[in-house]
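J.: Following full-length UniProt numbering, the numbering of the sequence shown begins with 1 at its first residue and continues without gaps.
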Amino acid sequence: MPRRPAEANVEKLQPAQDVVHERASLRRVFGAFATGVTVVTVGGEVAHGMTANSFTAVSLDPPLILVCVGRDALMHEVMEQQPAFAVSILAADQTQLARYFADKRRPVGRDQFNAVSWSSGAHSGAPLIDGSLAHLECELEQRHEAGDHTIYVGRVLSLWRRPGDDALLFLNGQFLRTDDQPEPAQPGSTDAA
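1. What's the gap between the Cα of GLN174 and the Cα of VAL108?
2. Could you check which residue in HIS123, PHE30, ASP166 has the C-alpha nearest to that of VAL156?
3. DSSP on ARG155, reduced to helix/strand/coil?
4. Leaving out the 5 sequence neighbours to the left and right, which residues in its chain are closer than 6 Å to PHE170 when beta-carbon positions are compared?
5. Going by the CB atoms, is the gap between VAL29 and VAL78 shorter than 8 Å?
6. Kindly give me the distance between the Cβ atoms of THR56 and LEU66, rounded to whole angstroms, as I take these residues to be in contact under 8 Å.
7. Quick check on DSSP: helix, strand or coil for LEU136?
8. By a C-beta neighbour count over all protein chains shown, 10 Å radius and 16 as the cutoff for buried, is TRP118 buried or exposed?
9. Are TRP160 and HIS144 closer than 8 Å when you measure CB to CB?
10. How would you call PRO83, buried or exposed, if buried means at least 16 neighbouring beta carbons within 10 angstroms?
11. Can you name, in chain order, every residue of its own chain whose Cβ lies under 6 Å from the Cβ of GLN96, other than the five neighbours on each side?
12. Would you report the Cα separation of ASP166 and GLY44, rounded to the nearest angstrom?
13. Start and end of the alpha helix (DSSP H) containing ALA98?
14. Name the DSSP beta bridge partners of THR38, please?
15. Ordered along the chain, which non-local residues of its own chain (more than five positions away) have a Cβ less than 8 Å from that of HIS76?
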């Protein structure tokens, strides 16, 4: 039976606790959850891209995904103006692309894509990053304000998956690669319980 961590190692948040300390504690705890890394893009006149690890599958029927975008991010302003967006799931060798689309000093608008190899999504018009493991083009289905972020739910219009390559991961503020063969969540299944 696993042992509970020693009390000295457990951070307990008190209601009156300093907000700065709370944010730092939350970042440490949230960072302990490994995620994949994506670049979320929108096309059109206000084309923009953003590195995001807050992406997840929501539903198979209908096919829905979600991404979370900070309300102070330029991407938030752009997503509010567009009916569709795309998600490129980055491969293990795309760390530089993840860093590029996280850099607030990069060019804005369509010019930011001059340094990147991409193609335009047939359904969304959004840039699809070449070399990615997978692409999803989505129609914006719902938006929900949640704290300092907005949750954007997208209905998947088209998808593509390149077989065989490893994914780029993000854990504890660092990019990592998958080196081991994945094991199904349950023997004979690829779906989690």
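Just so it is clear, CB atoms sit at the ideal spot from N, CA and C, and this is done for glycine as well.
T.: Short version:
1. Residue mapping note: residue 174 aligns to position 174 of the sequence shown, counting from 1. Residue mapping note: residue 108 aligns to position 108 of the sequence shown, counting from 1. In this structure, the alpha-carbon of GLN174 lies about 25 Å from that of VAL108.
2. Here the question's residue 156 lines up with position 156 in the sequence shown. Selected option, being the one with the closest Cα: HIS123.
3. Here residue 155 refers to the residue found at position 155 when the sequence shown is read from its first residue. Strand at ARG155.
4. The sequence position of residue 170 within the sequence shown is 170, counting from 1. So the qualifying residues of the chain are THR35, VAL37, ASN53.
5. As a working mapping, residue 78 is identified with position 78 in the sequence shown. As a working mapping, residue 29 is identified with position 29 in the sequence shown. Between VAL78 and VAL29, the gap from beta carbon to beta carbon reaches 8 Å or more.
6. Working through the sequence shown from its first residue, we reach residue 56 at position 56. Working through the sequence shown from its first residue, we reach residue 66 at position 66. 6 Å between Cβ atoms; contact.
7. What you label residue 136 is simply residue 136 of the sequence shown in a count that begins at 1. Under the three-state reduction of DSSP output, LEU136 falls in the strand class.
8. Here residue 118 corresponds to residue number 118 of the sequence shown, with the count starting at 1. So TRP118 ends up on the buried side.
9. Numbered from 1 along the sequence shown, position 160 holds the residue referred to as residue 160. Numbered from 1 along the sequence shown, position 144 holds the residue referred to as residue 144. No. Outside cutoff.
10. Indexing the sequence shown from 1 puts residue 83 at position 83. PRO83 comes out exposed.
11. Counting from 1 along the sequence shown, the entry for residue 96 is found at position 96. Taking GLN96 as the centre and dropping the five residues before and after it, the same chain places no C-beta closer than 6 Å to its C-beta.
12. Counting from 1 along the sequence shown, the entry for residue 166 is found at position 166. Counting from 1 along the sequence shown, the entry for residue 44 is found at position 44. The C-alpha of GLY44 is placed about 31 Å away from the C-alpha of ASP166.
13. Sequence index remark: in the sequence shown, residue 98 carries index 98 (1-based). Taken as a continuous stretch (DSSP letters only), the alpha helix (DSSP H) holding ALA98 covers 95-102.
14. Reading the sequence shown from its first residue, position 38 is the one you call residue 38. According to DSSP, THR38 shares a beta bridge with ALA52, ILE89.
15. Numbered from 1 along the sequence shown, position 76 holds the residue referred to as residue 76. Once the five neighbours on either side are set aside, the close Cβ partners of HIS76 are VAL69, GLY70, THR150.
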